[in-house]
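Numbering (UniProt numbering) for the sequence shown: 1 to 474.
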Amino acid sequence: MSKSQFFKKLRFANVFILILIVFVCCALLICINFFTIKTLSATRAYVNGESHYSKGQKDASRHLITYLYTKDKNQWKLYLEELKVPQGDGTARVALLKAGDNAIARKALLVGRNHQEDLDDLVWLFVNFKKVSFLAKAINEWEQGDKLIFKLFIIEEQINAKIKHNILTAADQQKFLQQISIISDKLTINERNFSNTLGEGTRKIKDLLIFTNVFFILIIICSVCLYYSIMVKRLIVSKKEIEVKNENLILVNHELDHFVYSASHDLRSPITSLQGLIKITQEEDNLNQIREYLTLMHTSLARQDQFISDIIDYSKNKRKQIILEPVSLQEIFDEAISQLMHFENASQISITKELLVDEIQSDSLRLKIIIFNLLSNAIKYADNTKQQMFIAIKTYIADGCNKIEISDNGIGIKDEFKDHIFEMYFGTNKNKGSGLGLYIVKEAVENIRGNIYVLSENNIGSKFIITIPNHHGS
Ligand code: ADP
Numbered sequence: 001m002s003k004s005q006f007f008k009k010l011r012f013a014n015v016f017i018l019i020l021i022v023f024v025c026c027a028l029l030i031c032i033n034f035f036t037i038k039t040l041s042a043t044r045a046y047v048n049g050e051s052h053y054s055k056g057q058k059d060a061s062r063h064l065i066t067y068l069y070t071k072d073k074n075q076w077k078l079y080l081e082e083l084k085v086p087q088g089d090g091t092a093r094v095a096l097l098k099a100g101d102n103a104i105a106r107k108a109l110l111v112g113r114n115h116q117e118d119l120d121d122l123v124w125l126f127v128n129f130k131k132v133s134f135l136a137k138a139i140n141e142w143e144q145g146d147k148l149i150f151k152l153f154i155i156e157e158q159i160n161a162k163i164k165h166n167i168l169t170a171a172d173q174q175k176f177l178q179q180i181s182i183i184s185d186k187l188t189i190n191e192r193n194f195s196n197t198l199g200e201g202t203r204k205i206k207d208l209l210i211f212t213n214v215f216f217i218l219i220i221i222c223s224v225c226l227y228y229s230i231m232v233k234r235l236i237v238s239k240k241e242i243e244v245k246n247e248n249l250i251l252v253n254h255e256l257d258h259f260v261y262s263a264s265h266d267l268r269s270p271i272t273s274l275q276g277l278i279k280i281t282q283e284e285d286n287l288n289q290i291r292e293y294l295t296l297m298h299t300s301l302a303r304q305d306q307f308i309s310d311i312i313d314y315s316k317n318k319r320k321q322i323i324l325e326p327v328s329l330q331e332i333f334d335e336a337i338s339q340l341m342h343f344e345n346a347s348q349i350s351i352t353k354e355l356l357v358d359e360i361q362s363d364s365l366r367l368k369i370i371i372f373n374l375l376s377n378a379i380k381y382a383d384n385t386k387q388q389m390f391i392a393i394k395t396y397i398a399d400g401c402n403k404i405e406i407s408d409n410g411i412g413i414k415d416e417f418k419d420h421i422f423e424m425y426f427g428t429n430k431n432k433g434s435g436l437g438l439y440i441v442k443e444a445v446e447n448i449r450g451n452i453y454v455l456s457e458n459n460i461g462s463k464f465i466i467t468i469p470n471h472h473g474s
């Protein structure tokens, strides 16, 4: 896996993790809020139940006292009716403690005047949180209250027995009244403690709820901000990439236009000159003149051939993929020299080779294009006026890179042309070439991630130096 692919995957993983965090936080928030609301609703139902419990107990005490002094049976019945409320709650508490959620507990809660719709929450909170400190404390107060309610019930039994047997004295009445009011006072304390404990629990739950909500919302906000910053960065990067691609496309398009225009012109010009030569040859009787025309025709055709082969190289260089493989430089030079031997003057030029590097890891097609074009130029632009024409080929390693040098003592390049020789269709002598050779060479060198530069002096000679990076392990 390349470095950029690795970072791409890492970035994708980051974004994925952020989305996951947001989802998890949202799910947690929903759950926490749902259960908190359920707990608060159950606590509210318990406080409501407590007010019924308290009212029932107080009304029962009041009726019992009235019964104590009036012996009115109706007051006794009313007492029994009101006492059922705290007794029902007490039965529910015992049933829930013993068996958890059950029908007896639910029925008893209804007797305790709790609302039918609150039953689920009441039972759920009791069963699941009976050991949580605030509820455990409240249940304890509740139990103490139930014990007092039982005492009230016993007092009523005693009063009833005395009334039945008609032995209730004023002193008894005084004693029972005192006992009832002591129980009532104690119950009031228990009931208040019960409500206060639940209130305390509710406040704690509220604080916890605010804290968790703020905490998760902060995580969500941070994750969303991070997600957006990553996305915006990505958009900027891809926008830049598209801009670069667009610029490249415009350049390629422009190059293609230029190429098509010049190619169509250059392909036609030898044909036009051939047509002219054929016409004048048909009218010519002089054999020597005809031979001269034929030589011109040959030159024109050779130029056409060279141009077509340049176009083929250009297309191959553009289209074909780079294939890195072991390539013998010696073999490529030998092949190129043997192909170029038919060039004019080629046999009079001494070609020397000093190959300190032979086999390299590179693309053979590009190397052939480079070497063939540079050697053919060295031959084409040889200086006939010099007694000894030579081409020197060198390969060696410098700074960890493979170097190829092709030097000649040809006509050299004038200073004003040096900056243009690698441009498309730049040529100083249209009879000698298409002006595509060095342009293709430069593209081929860049394709194999190398570079090329030239040292040349007019009338002295030229030296082309190509640097090819070592592709081992690429
Ligand atoms: P062409 O097909 O015209 O040779 P190139 O792109 O190969 O086109 O070369 C561009 C120009 O560079 C040539 O016209 C020539 O003036 C100059 N040139 C290239 N190689 C040499 C060389 N070895 N000696 C002198 N001039 C050269």
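C-beta: ideal position from N, C-alpha, C; glycine also.
Burial state of residue i (16 or more Cβ within 10 Å)
i: residue 39; result: buried
i: residue 109; result: buried
i: residue 100; result: exposed
i: residue 402; result: buried
i: residue 341; result: exposed
i: residue 251; result: exposed
i: residue 310; result: buried
i: residue 366; result: buried
i: residue 261; result: exposed
i: residue 373; result: buried
i: residue 123; result: buried
i: residue 216; result: buried
i: residue 234; result: exposed
i: residue 88; result: buried
i: residue 477; result: Outside the shown range of the chain, which is 1 to 474, sits residue 477, and nothing can be said about it.
i: residue 462; result: buried
Cβ neighbours of residue i in the same chain (closer than 7 Å, five flanking residues each side left out)
i: residue 370; result: 441, 444, 445, 466
i: residue 119; result: 106, 109
i: residue 314; result: 436, 440
i: residue 382; result: 345, 349, 389, 408, 410
Proximity test, residue i beta-carbon vs the ligand ADP heavy atom, cut-off 6 Å
i: residue 453; result: no
i: residue 478; result: The requested residue 478 does not occur in the structure, where the chain is confined to residues 1 to 474.
i: residue 434; result: yes
i: residue 462; result: yes
i: residue 352; result: no
i: residue 425; result: no
i: residue 375; result: no
i: residue 381; result: yes
i: residue 438; result: yes
i: residue 308; result: no
i: residue 465; result: no
i: residue 428; result: yes
Length of the line joining the Cα atoms of residue i and residue j
i: residue 384; j: residue 413; result: 15 Å
i: residue 395; j: residue 329; result: 8 Å
i: residue 135; j: residue 207; result: 17 Å
i: residue 204; j: residue 34; result: 16 Å
i: residue 59; j: residue 128; result: 33 Å
i: residue 454; j: residue 321; result: 27 Å
i: residue 348; j: residue 389; result: 7 Å
i: residue 237; j: residue 221; result: 24 Å
i: residue 73; j: residue 49; result: 28 Å
i: residue 173; j: residue 77; result: 19 Å
i: residue 51; j: residue 85; result: 10 Å
i: residue 300; j: residue 457; result: 30 Å
i: residue 144; j: residue 228; result: 59 Å
i: residue 71; j: residue 56; result: 20 Å
i: residue 104; j: residue 138; result: 21 Å
i: residue 165; j: residue 190; result: 35 Å
i: residue 83; j: residue 64; result: 10 Å
i: residue 142; j: residue 115; result: 19 Å
Same chain, Cβ closer than 8 Å to residue i, five either side skipped, listed in chain order
i: residue 188; result: 54
i: residue 176; result: 68, 155, 158, 159
Residue i - DSSP class collapsed to helix/strand/coil
i: residue 282; result: helix
i: residue 352; result: strand
i: residue 167; result: coil
i: residue 402; result: strand
i: residue 381; result: coil
i: residue 341; result: coil
i: residue 17; result: helix
i: residue 153; result: helix
i: residue 452; result: strand
i: residue 245; result: helix
i: residue 473; result: Since pLDDT at residue 473 reaches only 46, below the 50 mark, its modelled position is unreliable, and the value read off the structure follows with that caveat. Reduced to three states, the DSSP call for residue 473 is coil.
i: residue 394; result: strand
i: residue 423; result: coil
i: residue 130; result: coil
i: residue 408; result: strand
i: residue 435; result: coil
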